[in-house]
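>
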Amino acid sequence: MKKLLVFSILFFGLSTQAQVVINDSVAVDTIKKPRHWSINANNSVMFNQAAFSNWVGGGANNIGWLASANYNLVYEKGRNLWENIIIMNYGQNTTKGVGTRKTQDVLNISTNYGLQFSKSWYVSTGASLLSQFSGGFDDGNNPEANKISNFMAPGYVNAGIGITYRPSDNLTVTLRPINGRFTFVLDKDLQLAGNYGLKADGDFFLMQLGFLASAIYKVKLMENIEMTNTGSIFSNYLENPDHMVLSYNMLLKMKINKFVSSIVTLDLMYDHNQIQKTQLKQTLGIGFAYNLDNGVKRSNRKDSQWWQKK
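Here it is in structure tokens:
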């Protein structure tokens, strides 16, 4: 009887120990490591086409396409915030009797790093590049007309330090009281005095020092309809600070289903060194889209919201 009692106690103890080990193993397996990268990407290819035959109202057969890629990559860990934006758009239209014309051409890359010093506020530094991929021409981008732009002609590089306000994934405001704006004109045909503010023929570089304010605001208008607004203002301390550079971009994305969507873009710009008029560009397209979202949102990153732990 004593042997049976001792055996039962030993068996119960071993079973309990084994159960504890198993539970610990399960607990280890279910621990999820925090993810610090938030990845949101939109890729699309849009098409448009029109055909006419004996149409009294007139018209010319045409076909066009527009490819775009928009990436937002954000890294948050502790007090560190690193946001990267990549925007690339290019499109063409071919019209019977006219030829092929460029309809969209944008290369926009920016990066901004911030170190948090208060809730939603960061000391930040960053840089950006704005240009186009190919040549632009007068007379509706007619290749036979005068060339007015090319890759990195102009190309604008901004770099500076300041503060960033980012209360959520939908709003980012950056103020840089110290910002260098560098204009590059690498096409020799466009290196003329007065072009893009260049001081003399043959110059390819212009440096300005001033104040830059930029903002990105995203809003969901309704189910499957989202709008992204981007704007910036630059004022040159060294010369004519009242000749500000203003830009605004609106991207309206209307999702039809998982793979088909419609995109509307609107660009407004004023740059005294380019042309002393307001520039406007608008596009509309329907086509195939592929979106990538790893599901990491700021609200899920409790490890980065250190002020809530107090």
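Numbering (numbering that gives the first Met the number 0), first residue to last: 0 to 309.
Idealized CB from N, CA, C, for every residue including glycine.
Quick check on the DSSP output: the beta strand (DSSP E) that includes N149 runs from which residue to which?
Looking at the DSSP string, N149 is not in any beta strand (DSSP E), and its letter there is neither H nor E.
> Excluding the 5 residues flanking G314 on each side, which residues of the same chain have their C-beta closer than 6 Å to its C-beta?
This structure cannot speak to residue 314, because the chain is shown only from 0 to 309.
> By how many angstroms is the C-alpha of R34 removed from the C-alpha of L174?
28 Å
> Helix, strand or coil for N140, going by three-state DSSP, please let me know.
helix
> Please report the straight-line C-alpha distance between V105 and M249, rounded to a whole angstrom.
Roughly 14 Å between the two C-alpha positions.
> Roughly how many whole angstroms lie between the Cα atoms of V295 and I38?
Approximately 7 Å, taken between the alpha carbons.
> If you compare alpha carbons, which of G139, P142, N47 and S246 is closest to Y155?
S246
> What residue from E225, I255, K252 and L267 has the CA that sits closest to V244's CA?
L267
> V55 bridges to which residues according to DSSP?
DSSP output for V55 lists no bridge partner at all.
> Grab me the residues of D137's own chain with a C-beta within less than 7 Å of its C-beta, minus the 5 sequence neighbours each way, in chain order.
Sequence-distant partners of D137 (beyond 5 residues in either direction) whose C-beta falls short of 7 Å from its own C-beta, in its chain, are A144, N145 and I147.
> Does any heavy atom of the ligand ZN sit closer than 7 Å to the C-beta of E82?
With respect to the ligand ZN, the structure offers nothing, as it holds no ligand at all.
> Tell me whether F233 is buried or exposed, calling it buried when 16 or more other Cβ atoms sit within 10 Å of its Cβ.
buried
> In angstroms with no decimal places, state the Cα-to-Cα distance between G63 and K276.
28 Å
> Output the residue ranges of the beta strand (DSSP E) runs that lie fully inside the stretch 91-145 and measure 3 residues or longer, sorted by chain position.
98-117 and 120-130
> Around the Cβ of S117, are there at least 16 other Cβ atoms within 10 angstroms (buried) or fewer (exposed)?
Counting the other Cβ atoms within 10 Å of the Cβ of S117 gives fewer than 16, which makes it exposed.
> Out of D188, Q207 and L189, which one is the CA nearest neighbour of G179?
Nearest to G179 by alpha-carbon distance, out of D188, Q207 and L189, is Q207.
> So who's on the other strand from A66, going by DSSP bridges?
V44 and Y89
> Assuming T315 contacts L65 under a Cβ cut-off of 8 Å, what Cβ separation, rounded to an integer in Å, is found between them?
Outside the shown range of the chain (0 to 309) lies residue 315, about which nothing can therefore be said.
> What would DSSP say about Y195, mapped onto helix, strand or coil?
Three-state DSSP puts Y195 in a helix.
> Can you look up K254 in the DSSP assignment and give me helix, strand or coil?
strand
> Which term fits N293, buried or exposed, when burial requires 16 or more other beta carbons within 10 angstroms of its beta carbon?
For N293, the number of other beta carbons within 10 angstroms of its own is below 16, and it is reported as exposed.
> Indicate whether E82 and T227 have their beta-carbon atoms separated by less than 8 Å.
no
> Suppose contacts are defined by Cβ-Cβ distances below 8 Å. Is I224 in contact with M45 by that definition?
no
> Quick one: what's got a C-beta closer than 6 Å to T29's C-beta in the same chain, skipping five residues either side?
Note that T29 has pLDDT 47, beneath the 50 cutoff, so the model's placement of it is unreliable and no number is given.
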